[in-house]
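Accompanying notes for the structure given below.
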Amino acid sequence: MAAPESGPAWSPGAAEGEEETILYDLLVNTEWPPETEVQPRGNRKHGASFIITKAIRDRLLFLQQYIWYRPAPFLLPDGLVRLVNKQINWHLVLASNGKLLAAIQDQCVEIRSAKDDFTSIIGKCQVPKDPKPQWRRVAWSYDCTLLAYAESTGTVRVFDLMGSELFVICPASSFAGDLSYAIAGLIFLEYKASTQWSAELLVINYRGELRSYLVSVGTNQSYQESHCFSFSSHYPHGINTAIYHPGHRLLMVGGCEAAEVGMSKASSCGLSAWRVLSGSPYYKQVTNGEESVTAVPKTLGLLRMLSVKFYSRHGQEQDGIFKMSLSPDGMLLAAIHFSGKLSIWAIPSLEQQGEWNQNEQPGYDDLNPDWRLSTEKRKKIKDKESFYPLIDVNWWADSAVILARCSGALTVSSVKTLKNLLGKSCEWFEPSPQVTATHEGGFLSLECEIKLAPKRSRLEIRVGEEDEGEEDSDSDCEISTKARYFGYIKQGLYLVTEMERFAPPRKRPRTITKNYRLVSLRSTTPEELYQRKIESEEYEEALSLAHTYGLDTDLVYQRQWRKSAVNIASIQNYLSKIKKRSWVLHECLERVPENVDAAKELLQYGLKGTDLEALLAIGKGVDDGRFTLPGEVDIENISYEELSLSDEEPAKKKREKELKKRGELLKLVNFSKLTLEQKELCRCRLKLLTYLDRLATYEEILGVPHASEQRYDAEFFKKFRNQNIVLSARTYARESNVQALEILFTYHGSDLLPHRLAILSNFPETTSPHEYAVLLPEACCHGGSLMIIPWHERKHRAKDWCEELECRMVVEPSLEDESEFLYAAQPELLRFRTSQLAVEKVIDWYQARAEEIEHYARQVDCALSLIRLGMERNIPGLLALCDNLVTLETLVYEAGCDLTLTLKDLQQMKDIEKLRFLMNSVGFILTFF
47 MAAPESGPAW SPGAAEGEEE TILYDLLVNT EWPPETEVQP RGNRKHGASF IITKAIRDRL
107 LFLQQYIWYR PAPFLLPDGL VRLVNKQINW HLVLASNGKL LAAIQDQCVE IRSAKDDFTS
167 IIGKCQVPKD PKPQWRRVAW SYDCTLLAYA ESTGTVRVFD LMGSELFVIC PASSFAGDLS
227 YAIAGLIFLE YKASTQWSAE LLVINYRGEL RSYLVSVGTN QSYQESHCFS FSSHYPHGIN
287 TAIYHPGHRL LMVGGCEAAE VGMSKASSCG LSAWRVLSGS PYYKQVTNGE ESVTAVPKTL
347 GLLRMLSVKF YSRHGQEQDG IFKMSLSPDG MLLAAIHFSG KLSIWAIPSL EQQGEWNQNE
407 QPGYDDLNPD WRLSTEKRKK IKDKESFYPL IDVNWWADSA VILARCSGAL TVSSVKTLKN
467 LLGKSCEWFE PSPQVTATHE GGFLSLECEI KLAPKRSRLE IRVGEEDEGE EDSDSDCEIS
527 TKARYFGYIK QGLYLVTEME RFAPPRKRPR TITKNYRLVS LRSTTPEELY QRKIESEEYE
587 EALSLAHTYG LDTDLVYQRQ WRKSAVNIAS IQNYLSKIKK RSWVLHECLE RVPENVDAAK
647 ELLQYGLKGT DLEALLAIGK GVDDGRFTLP GEVDIENISY EELSLSDEEP AKKKREKELK
707 KRGELLKLVN FSKLTLEQKE LCRCRLKLLT YLDRLATYEE ILGVPHASEQ RYDAEFFKKF
767 RNQNIVLSAR TYARESNVQA LEILFTYHGS DLLPHRLAIL SNFPETTSPH EYAVLLPEAC
827 CHGGSLMIIP WHERKHRAKD WCEELECRMV VEPSLEDESE FLYAAQPELL RFRTSQLAVE
887 KVIDWYQARA EEIEHYARQV DCALSLIRLG MERNIPGLLA LCDNLVTLET LVYEAGCDLT
947 LTLKDLQQMK DIEKLRFLMN SVGFILTFF
């Protein structure tokens, strides 16, 4: 099945009489599991051999009947046999209400419901395997409660919706292998004459023999033959098809063409209408008044019988009606003929409304272009004429028919001009698809994809079997004419006698795989089709639809963007083509790419769409919600010719022009009168700038550029860029990540340095202060006074216009205190919060922190290291604490005194007590030695 082709939809402004082009979509409702089948193969039955064999067979059958007085099989028209055998084995019948579907398989009939688009089975009818599955027929009752199934032998089985078999109607007579007893028409009629019977079932075989059965369901389920009728007097070659028109109570019968004097056009084409009567004779042929009803004599002379058996007109095959279908309003009837002809008739007058021979039908000789790509299917092209005829017909609307060909070509064609309403080309299915009538804007099709199994090696071919490759060889040309004609005679004798001595050489069977699919073709709106194209990732077709019908192309690019990795190419190919500003900015802010360069590119692209030009365009209402890049919107009072940037200009001059342009644009912005949309744009810009700064910081933390590419973690960055910067700093301190914390202090000093001492207090007490010595405050003499050396801050970039106080006061009038959590958890650190570090605070912090280390970790060496580092950094007032810590260190590590001795205990001792501790420790040591 090929991809659908969509044409432009008809609009109310179209000229009157202009044929509507259908916008449609194809959906696979159900695909059955593949079936493997082994096919026995006999001799070829096409070309000269088939014609000659058939001629011999017909003469032999005639002699068999009239010389030996043996009954011969009823000969069906060759065109009928050929087309029926062209059909796929499974069948499809939709109930009149469109809510139930019967899918006839090899050994069961599935009943499916429209509630879930025919995807689930509500009933299953078990049927025996039929040797001629193409000759089966199925029909729904008028109220859609019963299902009749006819086998190729003429046996009819009736089922209910649950799949239960109610009864079996056997044919009155039958002959094994005689397909004339197969059913040409299976029709349920509404029966109101008695409440005993639920419906009337008409069973018509190809011989033209009709039998009517009264059907009862429920507690007294049974059937009874009502009457019988024969069309043989009007159709000596039998009938080919029959359908019922409930509105006019007409039985429409199709047979072979005739050339009697005084016949109407319909009768000469094999079409007749019969009024259904309530009593005998039950059926009466309807004429238009000018036509005389002629009947074929019951007793046929020898010459008459010969003309019937060997009917030929200048060597042409007899034509006839193969299938018929009524239009939804019941005013027209479409018929397809053996020759491939299509005819349209008015109901009930049977006046012909249109006729197209096969070679007059547009695209009749088109073949599936995919066949040329497959070696297996390329063989079909050699016999391409056999794929031209129509194989099925139904109605799309009162003015359009659904036509299916043996080639798999399917069109919805106008009954006036036969123009294909699906577009410029047909829709390709597998060969000989079946179609239902349209219901609720769509119809169903059943197709079967057949694939040959791989060929066996020659070693596996058994003796007596022919190789498959011989079928396509030219070996026939090498065989003598005498041998070929003897072969044809043997074929004819074998068909009549079925004796093994005349049997042709066996060809090894071939294994095929069949895939059956239930496909729906549904008319749709441009919007619905556009959405489905996007969901099925058919982006080129979706864009074509969008351009044709003026739909929003953003949906295509949004889907492509979200399904692709973020990189420079995807930004240029997809994101840059999306017009909606809010969506683009959302993606720039929310999506985190998997590598550093892509993350940077995405944020910078978002910044371009939030600059002053976009801000001014929003204020003037000229942006229409579009994502606007610099230079895309003309701003009044700005001379872009003078301020436009050229690639050839020096960098310095470019920078000057850029600053001048920004200054001119800033003059046009009144930050006190920003609209809500403008304020939101500024907030997005501030967030993008924050993310860019955090990305640059993260790169610094990761190290050199090459290392940052390899070690970049998108999930971590997603968390880091949104995280409270004070919290990030505290986390790094608790992890003893000195390098990361140093980078944070350097690039985010305005947010972190007021809390520098509090953050340093979060280093683990067990971590040696020498590890984070670079972060410790340092003092120096300046102008005769001692002061704390400020931290050397750096910025990733210059300050942006949206970060100016004038803008921030409007956009973010009240900022949340990011450090609140820090002091809530550790209120004792609040005294160290300061925007400008004073020497007194630093002294206080060194002393307090050293005491904390000694108290919590009981590691005197770490506390002493911190004090000594402070003294090295010119912090005064630490000597006394340093002496106490040295004493404590001596007592604990060298004198071996009580390990529970703390700094606090030592500070409360008098000097004489400290000396006694030392002397006791010295005495112990001397005794030991």
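Every number in the numbering used here is 46 more than the matching position in the sequence shown, counting from 1.
Cβ atoms here follow ideal geometry from the backbone N, Cα and C, with glycine treated the same way.
Report buried or exposed for residue i, applying the criterion of at least 16 other Cβ atoms within 10 angstroms of its Cβ.
i	result
R568	buried
T559	exposed
M370	buried
A446	buried
D670	exposed
Q172	exposed
Q480	buried
F234	buried
H901	exposed
D957	exposed
P343	Only weak support exists for where P343 lies, its pLDDT of 48 falling under 50; the value from the coordinates is given anyway. The residue is exposed, with fewer than 16 neighbouring Cβ atoms inside 10 Å.
M208	exposed
I382	buried
M545	exposed
Leaving aside the five residues before and after residue i along the sequence, list all residues of the same chain whose C-beta is less than 7 Å from its C-beta, in chain order.
i	result
L413	I427, K430, F433, S453
N251	G200, S226, Y227, A228, I229, A230
R424	W417, R418
V715	L658, L661, L662
S881	P800
K132	I437, C452, S478
K330	W320, R321, L323
Cβ atoms of residue j and residue i: under 8 Å apart, would you say?
i	j	result
C494	N561	yes
A903	E811	yes
G386	P123	no
L249	L212	The sequence given here has Val at residue 249, not Leu. Result no, Cβ atoms of V249 and L212 do not sit closer than 8 Å.
A825	V750	no
T570	L140	no
V84	P555	yes
G665	Q724	yes
Using DSSP with H/G/I as helix, E/B as strand and the rest coil, what is residue i?
i	result
T557	strand
E401	strand
V155	strand
F164	coil
I229	strand
H816	coil
V184	strand
G316	coil
D71	strand
D957	helix
M978	This structure gives no information on residue 978, because the portion of the chain shown stretches from 47 to 975.
A60	The pLDDT assigned to A60 is 35, lower than 50, so where the model puts this residue is not dependable, and the model offers no usable value.
E65	coil
G125	helix
R253	coil
M298	strand
A141	coil
Identify, in the order they occur along the chain, each residue of the same chain with its Cβ nearer than 6 Å to the Cβ of residue i, setting aside the five sequence neighbours on each side.
i	result
V630	I624, F673
A760	V638, E640
C302	P123, H283, G316, Q364, G366
W78	Y562
H294	P394
Please work out which residues of its chain come closer than 8 Å, Cβ to Cβ, to residue i, disregarding the five sequence neighbours upstream and downstream, and give them in chain order.
i	result
E935	V906, D907, L910
I614	D643, A644, E647
L798	I771, V772, A775, L790, F791, I805
Mind checking who residue i pairs with in its DSSP beta bridge?
i	result
S459	V447, N466
K626	R672
I215	V202
S389	A381, E401
K497	T559
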